[in-house]
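Protein chains in written order, with the numbering used here: chain A, 19 to 316; chain B, 274 to 752.
To start, the structure under review is shown below, and the notes come after it.
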């Protein structure tokens, strides 16, 4: 078990004053089997005039707020204290073959309902034969699903280069497959597109990585910003998380914030502003283990 | 028989005026047949042309998407009415009310507890993976459980005269303005055809709609303000938006006329901001609110969904109703009626093969030339292949599409749709018709007597959709 303190800072600098802004924030981490939120504080400057907290259609906590005074700069600071449990990679033998899983989904049943929103096209991801063809080598008939997924995770990591210059937030997965370059969001979208194209449900996970690795371990890629990875349905109530950017299975280094069908469902901040002109955006993320938490608890 | 029906022959089809093939003419149409018999074709033709000119001058037009050059075109009015008996109508009305009730129960379920999905009544994937399913609606309550406040249920009649549902329209169904205008036209231009026949009136549609809009408004408001939200003049049904706003006596607005402040919707007026409580919107989900749906939409109202969620404004129809009228979901509607209402469906579906099921796909591929193949996510008659009318090339394209993405298609046998005598190029000939009754749901469901009878003007054509160049007729429900 480990406890973290995380800080996610977002600063918008606008060329012209913004007279009215409405924002929707996916910044409060959701609870899960492997994490429990201890404390969360969302600070916004200027002071919002409206503030609504609720749960979205994918069970993520969200905050909607409005800033109605003219401003040149908007600062959103999210402060998190969270406790993580380690995640053990499941025994491959305990899970069926990937194609048996797909057949079970095709057939349907009360315990597969949770999966279907994540097996079809979504706003940013379209199912396509090209993705199925790319995934095919790792998904031979009858191969156990966990084994196939781990192999596929490693292959994406090996064949795609991390390159922040190669793509933008709107680059479609098809283009990422062509240029074989991109950032964590691209690899997550690509992997989801491939899995859905062979009939496996996959969702997009947004979150953070710990900034400085434990001694003797390499620093993970994407550690000073928002990170993204994938969760694949491997049975009723069981999702296997995969981080193709780092070729690993998320455990004590990955803090989950939200999940949805793709980035569009869980963008950290999404807003409609009046005015503003050209703007500059700075984002910073820090994730450090909470010191002496055991003593604190006493 | 003399007059305009003297050479009329409806062949093997059920005729809305004559009845079943090989039986004596329907008794209840005797009055209209006698009156048509007193007219000669030339006179009828001349009067029809006058009426059509009047329609055009009134600006009753419908943009046809497939004809790129045509900005507006008239939905031609045919002077020979379609007649329904009191009993026919009682049956149809009960069937439509039952169907709309099931649609609303289904919507409350899929955005709520999802019982029907867990109980396997309908494949969960069809619903949750549907592009019209809106997660933004999950857990959101609507007044009286009425999600689809305005519904158009398309009904056809087979060669035995049996009514069947062909399609549900639960998003922003259009065409009701033709029902009202066709009746006006009939009464004004053909008084000799209508006098002394007791026909159920249709002119209370506007007030009934307005009443339902008031019923769904936030409960604490004494005198709710209703508006009609239109995407604007480029929309194919813009004239209908103007027409309905006038019939209801409410302002016609576009997105830029509305503003959301403190989760309340206001209309910009010359006297300042005025609060809005119910929006009859004729704008698709995707464009409604750039905060939640397409961020680039300039037609919608930023913050509208916040106001809906806060209970400060009602939308008719609710967001996400498209999942209920999807052509694949349609196939399950009889089962959903039984599941939610413990009743047998009053109106059957047309037999439907759901191509996501392997047997149905195989059957469809084997019988392609006999079937109508429809994509499930489209509306408006686009992308439909009518097997018996399709060329070899069209059938091959259809086959390739089916094999590539079977989940996206359903197929149905071609039905020998009923016909109605129709004035075409100086002759009265049988042409296929369907019927779209309109149902309004606030606290309860009310159905406009009759509905829109659409007629396929091309000889032998089965496509009566108004975006595919069909015409329309006045529909009489006898009192």
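C-beta: ideal position from N, C-alpha, C; glycine also.
In this text the structure is predicted, and so the values were computed from the model without any measurement.
- At a cut-off of 9 Å between C-beta atoms, residue 143 of chain A does not count as an interface residue with respect to chain B.
- Interface flag for residue 134 of chain A against chain B is set, since a Cβ pair is found closer than 9 Å.
- Between residue 253 of chain A and residue 393 of chain B the beta-carbon gap is near 18 Å, outside 8 Å, which marks them as no contact.
- With respect to the C-alpha of residue 504 of chain B, the residue from B/481, B/329, B/531, B/468 having the closest C-alpha is B/531.
- As the crow flies, the alpha-carbon of residue 677 of chain B is around 24 Å from that of residue 250 of chain A.
- Closest option to residue 110 of chain A, judged by alpha-carbon separation, among A/104, A/86, A/68, A/168: A/168.
- Residue 259 of chain A is bridged by DSSP to A/249.
- Boundaries of the beta strand (DSSP E) harbouring residue 79 of chain A: 79 to 85, taken from the DSSP string.
- Looking at the backbone, the Cα of residue 649 of chain B and that of residue 637 of chain B are separated by about 15 Å.
- Of the candidates B/441, B/516, B/666, B/450, the residue whose Cα lies closest to the Cα of residue 622 of chain B is B/441.
- Note: residue 300 of chain A is bridge-paired with A/29 in the DSSP secondary-structure output.
- If you draw a straight line from the Cα of residue 129 of chain A to the Cα of residue 218 of chain A, it comes to about 15 Å.
- The contact set of residue 391 of chain B on chain A, defined by CB atoms closer than 8 Å, consists of 128, 131 in chain order.
- Take the alpha-carbon of residue 746 of chain B and the one of residue 455 of chain B: they are about 7 Å apart.
- Two segments are said to touch when three or more pairs of C-beta atoms, one from each, lie closer than 8 Å; by this definition the segment 453 to 469 of chain B does not touch the segment 505 to 513 of chain B.
- At a cut-off of 9 Å, the C-beta of residue 401 of chain B has a neighbouring C-beta in chain A.
- As computed with DSSP, residue 93 of chain A is found in a beta bridge with A/29, A/63.
- In chain order, 528, 556, 560, 561, 562, 563 place their CB closer than 7 Å to the CB of residue 573 of chain B, counting only its own chain and leaving out the 5 sequence neighbours on each side.
- With a threshold of 16 other beta carbon atoms within 10 Å, residue 614 of chain B falls short and is exposed.
- Only exposed fits residue 640 of chain B, as fewer than 16 other CB atoms lie within 10 angstroms of its CB.
- Along the segment 62 to 76 of chain A, the positions whose C-beta sits under 9 Å from a C-beta of chain B are 67, 68, 70, 72, 73, 74, 75, 76, read in chain order.
- Residues of chain B whose Cβ lies closer than 8 Å to the Cβ of residue 137 of chain A are, in chain order, 398, 402.
- Comparing alpha carbon positions, the residue from A/113, A/37, A/40, A/36 closest to residue 258 of chain A is A/113.
- By the C-beta criterion, the segment 66 to 77 of chain A is judged not to be in contact with the segment 93 to 106 of chain A, since fewer than 3 inter-stretch pairs fall below 8 Å.
- Leaving aside the five residues that flank residue 718 of chain B on each side, the residues in its chain whose CB is nearer than 6 Å to its CB run, in chain order, 370, 373, 712.
- Shown in chain order are the members of the segment 285 to 304 of chain A whose Cβ falls below 7 Å from a Cβ of chain B: 290.
- Residue 24 of chain A sits buried, since 16 or more C-beta atoms from the chains shown fall within 10 Å of its C-beta.
- With respect to the 9 Å criterion, residue 163 of chain A and residue 227 of chain A are not classified as neighbours on the basis of their beta carbons.
- Looking at A/271, A/280, A/296, the one whose alpha-carbon comes closest to that of residue 52 of chain A is A/271.
- Cβ-Cβ distances below 7 Å link residue 116 of chain A to 157, 161, 163, 166, 218 in the same chain, with the five nearest sequence neighbours on each side left out; the list follows chain order.
- The residues 479, in chain order, have a CB closer than 6 Å to that of residue 520 of chain B in the same chain once the five nearest residues on each side in sequence are set aside.
- Inter-residue distance for residue 211 of chain A and residue 726 of chain B is about 44 Å (C-alpha atoms, whole angstroms).
- The beta-bridge partner set that DSSP reports for residue 441 of chain B consists of B/426.
- The segment 428 to 436 of chain B and the segment 573 to 587 of chain B do not touch, with fewer than 3 CB-CB distances between them shorter than 8 Å.
- For residue 720 of chain B, the uninterrupted beta strand (DSSP E) run begins and ends at 718 to 720, by DSSP.
- By the CB criterion at 9 Å, residue 291 of chain A and residue 45 of chain A fall outside the cutoff.
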